[in-house]
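In my numbering, the protein residues as written are 9 to 180. Heads up, the beta-carbon is just placed ideally off N, CA and C, and yes, glycines get one too. From a predicted model like this one, the values you see are computed outputs, not experimental measurements. Notes for the one structure printed next.
If you want it as structure tokens, here you go:
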């Protein structure tokens, strides 16, 4: 019993050590072009899959998905990396969008609300989406979310449609 009590915390520490926080950009484009944006302040977080799937599963449940549907979708996620940038210039965002376009990413959706813009870009190979970038921009702050997985366009459309059912539109 003592071995289990000692071993369990060690396993948890080892499992969660993959949650890495860095002041350096860890996404390929920004690593290569870091010097082009000297005013930008980067913070990168590599999220452990155990944590990412749990959070995503709960968010999907909150949006109206059944447990089985949420589990099915989150099981397709293989990696999540989040990078927040303070003092992000418009030029930096434009350059990053050009970088994604050159690598066969397609813009799937752009949502504008007040001072924020949310963009979803994905690279599709046959019927599978292997990589997706979500970009949230507001004034001089930008958050990039790099999601790797094996999704279909239908999976993503289904998530968007169910999310839209819960959005309440206000008309003047």
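Item, Value
"Residue burial classification, residue 152 (beta-carbon count within 10 angstroms, cutoff 16)", "buried"
"Own chain, CB closer than 8 Å to residue 85, minus 5 neighbours either side, in chain order", "57, 60, 61, 64, 155, 156 and 157"
"CA-to-CA distance, residue 78 to residue 66, given in whole angstroms", "8 Å"
"Three-state secondary structure assigned by DSSP to residue 69", "helix"
"For residue 28, the three-state DSSP class (helix, strand or coil)", "strand"
"Residue of 150, 104, 47 and 100 minimising C-alpha distance to residue 114", "104"
"Distance CB(residue 124)-CB(residue 146) smaller than 7 Å", "yes"
"Alpha carbon of residue 119 to alpha carbon of residue 49, nearest angstrom", "25 Å"
"Every unbroken beta strand (DSSP E) inside the region 41-129 [3 residues or more]", "49-55, 85-94 and 114-121"
"Euclidean distance between Cα positions of residue 164 and residue 128", "10 Å"
"Nearest to residue 47 (by Cα), restricted to the options 95, 74, 144 and 106", "95"
"DSSP state of residue 39 mapped onto helix, strand, coil", "helix"
"Residue burial classification, residue 117 (beta-carbon count within 10 angstroms, cutoff 16)", "exposed"
"CB contact flag (residue 183, residue 29, <7 Å)", "Outside the shown range of the chain (9 to 180) lies residue 183, about which nothing can therefore be said."
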